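Undergrad: Shown below is the structure under consideration.
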Amino acid sequence: MIEVSHLVKEFKIPVQKKGRFAAVRNLFSSEHTIKRAVDDITFSVDDGEIVGFIGKNGAGKSTTIKMLSGILQPTSGNVTVDGIKPFEQRMENAKQIGVVFGQKTQLWWDVPLIESYRLLKEIYKIEDGTYRKNLDRYIPMLDLEEVINKPVRQMSLGQRVKADICAALLHDPKILFLDEPTIGVDVVSKKYLHDFISEINREKGTTVLLTTHDMGDIEKLCSRVVVIDSGHLMYDGDLESMVQKFGVIRSLMIEFDEPVGDFQVENAKLTRSEGNRKWFSFHRSEATPMELIRSIGDKYPVHDIEIIEPDIEEIVRKLYESK
Amino acid sequence: MWNIRLYGHFLRVAILGKAQYKADFFVGIISVLILNAVNLSLIGILVYNFNTLGNWNIWDLLFLYSFWMLSRGIYGVFFWHLSDLEEMIVGGTLDAYLIRPVSPFLQFIGKDISYTGVGDFLVGVLGFILAAAQIGIHWNMGQWAYFVICVLSGALIQVAINLIGASLCFWTTRSNAAMNIAERFTVLMQQYPVNIFGKYFQIFVTCFLPVAFINYYPSVVLLGKAAGGIKMWQYFAPFVAIIMLAIAAVVWTKGIKRYTGTGN
Chain A
100 MIEVSHLVKE FKIPVQKKGR FAAVRNLFSS EHTIKRAVDD ITFSVDDGEI
150 VGFIGKNGAG KSTTIKMLSG ILQPTSGNVT VDGIKPFEQR MENAKQIGVV
200 FGQKTQLWWD VPLIESYRLL KEIYKIEDGT YRKNLDRYIP MLDLEEVINK
250 PVRQMSLGQR VKADICAALL HDPKILFLDE PTIGVDVVSK KYLHDFISEI
300 NREKGTTVLL TTHDMGDIEK LCSRVVVIDS GHLMYDGDLE SMVQKFGVIR
350 SLMIEFDEPV GDFQVENAKL TRSEGNRKWF SFHRSEATPM ELIRSIGDKY
400 PVHDIEIIEP DIEEIVRKLY ESK
Chain B
296 MWNIRLYGHF LRVAILGKAQ YKADFFVGII SVLILNAVNL SLIGILVYNF
346 NTLGNWNIWD LLFLYSFWML SRGIYGVFFW HLSDLEEMIV GGTLDAYLIR
396 PVSPFLQFIG KDISYTGVGD FLVGVLGFIL AAAQIGIHWN MGQWAYFVIC
446 VLSGALIQVA INLIGASLCF WTTRSNAAMN IAERFTVLMQ QYPVNIFGKY
496 FQIFVTCFLP VAFINYYPSV VLLGKAAGGI KMWQYFAPFV AIIMLAIAAV
546 VWTKGIKRYT GTGN
């Protein structure tokens, strides 16, 4: 569905002069440095996949999304979205994609929400039947009944993002690009968004590519993640293997029948003690929870245990450090 | 055809959006009326002291001014927001226009309408009726047609100049300062007949920033005045409008291309 190969995007950054008349000299200066925002990225997304695109601010995620949606022209490399080159065939591409920028609405600010949808119906030439069917379905799913006649400027951020996602899907796009859709969104709206996106993906087979800083989004939605840093591809694979590979430090909580003193266990480190409970951290390759429980259980009566997997944020941090 | 219908849908939403702020409507129109009253009385005082201005008496000047107001009103209602482009580029909201299967230009001009243009147009109509009665205008069909075409041409010349000005910010990011200077200049000079200015100035407003074609040359033709500037060109307003629009279209297209090439 999406093919990206050796994609590069360079930006010219003007060199800011210092000293006397700097402002004037800047005006006439053509000096610049070149910054590679996206540096030789290759990946592909299959039909119906939900792929999470993660990386720090300025890592090149949004730039990549902009090239996939036809807003930016690649400096070099190839991009096709369902066989269409987004930049060269921007109009054709626009018909088959839906795009949401979490931080900028694409809705008409001053008019009731439904008016924005009516206009989008004309823009995308959506058939009456499809339009009605989608609207009747999406509005309750996203809990938008109460705001459908409200102008966008009066909406909360959560409502606004939900309204934007609904707008992006009215024309049944094959691919949905979401650029930080949950940034600043409250937990309730976030839940609606997660459920909605999974449901649309399951039902219509819509391919979804989303960038996010919220690991909750990744855990809830994505089976696959692509991690980029400073324009380079760092990791591309399923979530599970990433956890296996980079989530090396796991934790084990053991609750004993009675308070016990601190003690040492081979291949694990005691990290915290609280009442009857103790926490141990251990390396994935050095020990398994079973071994630890067995060796500890031999000495002390164990009441309960819990295995704590590293959260994704932690994993991504490790991933960056491993570079 | 589909694009024109779609533009209609865009305008409908723009009007609905404006209707949300009702007080704004009246304040907007009243302020324009006051502004124009002040402008006109300044010209009035000037002419009262000198009697005529480069062979134009007070009613001729009112005609000239009204001619400009009619075209400015049409331009203003539909295109006043051209200067929003700078903010849209800086804020990145232009991106939204590039992900829809419609020309970005149509989305841009369809995004808003303005009341102030309505005020200008009303002043133009009133001033024209008054001036026409005093001057004693007896036009044939051809002259009326030429009048209407020239008012429209004047509006389009203003669209083109402002679109070129706004599009500059594709290169400079900031362009509103330059646009403001052009606007001030236009406002200042549209109130006076061009022939009272020096020769180089006349050439400038004819050939380089052709604002003399908005109201001066058409008024010269319609009122049968002796033209300043470049005499032969006095009938050219509609052609100038077409040429300017063509230039503006090129600048816009190149600007959008640059935007998608470099981002923001």
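Going down the list, the protein sequences come from chains A and B. For the first sequence, the numbering used here begins at 100 and goes up steadily by one. For the second sequence, the numbering used here begins at 296 and goes up steadily by one. Here a beta-carbon is modelled for each residue, glycine too, at the ideal position from N, C-alpha and C. Values in this document were obtained by computation on a predicted structure and should not be read as measured data.
Leaving out five residues before and five after B:L306 in sequence, what residues of the same chain have Cβ atoms less than 7 Å from its Cβ?
TA: Excluding positions up to five away in sequence, the list reads G405 and I408.
Undergrad: Distance, Cα to Cα, B:Q529 vs B:Q497?
TA: Cα to Cα, B:Q529 sits roughly 12 Å from B:Q497.
Undergrad: In angstroms, rounded to a whole number, what distance separates the CA positions of B:W351 and B:F492?
TA: If you take the alpha carbons of B:W351 and B:F492, they lie about 13 Å apart.
Undergrad: Ignoring anything shorter than 3 residues or poking outside the region 314-366 of chain A, list the beta strand (DSSP E) runs there in chain order.
TA: As far as the region 314-366 of chain A is concerned, its whole beta strand (DSSP E) runs of at least 3 residues are 323-328, 331-337 and 348-355.
Undergrad: Take every Cβ of the region 268-286 of chain A, pair it with every Cβ of the region 295-313 of chain A, and state whether three or more of those distances are shorter than 8 Å.
TA: Yes, since at least three Cβ pairs between the region 268-286 of chain A and the region 295-313 of chain A fall closer than 8 Å, the two stretches touch.
Undergrad: Can you list, in chain order, the residues of its chain whose CB lies under 6 Å from that of A:S175, leaving out five sequence neighbours each side?
TA: Excluding residues within five positions, the ones whose Cβ falls inside 6 Å are V107.
Undergrad: I'd like the ranges of any beta strand (DSSP E) spanning at least 3 consecutive residues and lying wholly in the region 188-224 of chain A.
TA: Entirely contained in the region 188-224 of chain A, the beta strand (DSSP E) runs reaching 3 residues are, in chain order, 196-200.
Undergrad: Report the rounded CA-to-CA distance for A:G423 versus A:A158, giving the unit in angstroms.
TA: As shown, chain A starts at 100 and ends at 422. That puts residue 423 of chain A outside it, with no answer to give.
Undergrad: Within its chain, find whatever has a CB closer than 8 Å to the CB of B:Y302; leave out the 5 residues flanking it on each side and keep chain order.
TA: Only L401, I404 and G405 meet the Cβ criterion.
Undergrad: Quick one: which residues of the region 354-372 of chain B get their C-beta closer than 9 Å to a C-beta of chain A? List them in chain order.
TA: From the region 354-372 of chain B, no residue has a Cβ closer than 9 Å to chain A.
Undergrad: Run down chain B in chain order and give the residues with a C-beta less than 7 Å from the C-beta of A:E214.
TA: What A:E214 touches in chain B: V308 and L311.
Undergrad: Could you compute how far the alpha carbon of A:P250 sits from the alpha carbon of B:F508?
TA: Whole-angstrom Cα-Cα distance: 42 Å.
Undergrad: From A:I282 to B:A391, what distance separates their C-alpha atoms?
TA: Cα to Cα, the separation comes out at about 18 Å.
Undergrad: Take the Cβ of A:V114 as the centre, count every other Cβ of all protein chains shown within 10 Å, and call the residue buried at 16 or more, exposed below.
TA: Under this definition A:V114 is an exposed residue.
Undergrad: On the CB-based measure, 16 or more other CB atoms within 10 Å of its CB, does B:S448 come out buried or exposed?
TA: By the 10 Å Cβ count, B:S448 comes out buried.
Undergrad: How is the beta strand (DSSP E) around B:G312 delimited, first residue to last?
TA: Taken as a continuous stretch (DSSP letters only), B:G312 belongs to no beta strand (DSSP E), being part of the alpha helix (DSSP H) at W297 to A314.
Undergrad: Looking only at its own chain, which residues have a Cβ that is under 7 Å from the Cβ of A:K319, when we skip the five neighbours before and after it?
TA: Cβ within range, chain order: H293.
Undergrad: In chain B, what lies closer than 7 Å to A:Q205 by C-beta?
TA: By Cβ distance, chain B contributes A391.
Undergrad: Nearest to B:I394 by CA position, among A:F362, A:N192 and A:P173, is which residue?
TA: Nearest C-alpha to B:I394: A:N192.
Undergrad: Within the region 227-315 of chain A, note down every full beta strand (DSSP E) run reaching 3 residues or more, in order along the chain.
TA: Taking only runs of at least 3 residues, the beta strand (DSSP E) segments lying wholly in the region 227-315 of chain A are 274-278 and 306-310.
Undergrad: Along chain A, in chain order, which residues have C-beta atoms closer than 7 Å to that of B:F320?
TA: What B:F320 touches in chain A: nothing, since even the nearest Cβ is about 13 Å away.
Undergrad: According to DSSP, simplified to helix, strand and coil, what is A:P113?
TA: In this structure, A:P113 counts as strand in the three-state DSSP scheme.
Undergrad: Can you tell me whether B:A332 is buried or exposed? The criterion is at least 16 other CB atoms within 10 Å of its CB, across all chains shown.
TA: Looking at its Cβ environment, which holds fewer than 16 other Cβ atoms inside 10 Å, B:A332 is exposed.
Undergrad: Tell me the residue span of the beta strand (DSSP E) that contains A:W378.
TA: Counting along the chain, the beta strand (DSSP E) containing A:W378 begins and ends at R376 to H382.
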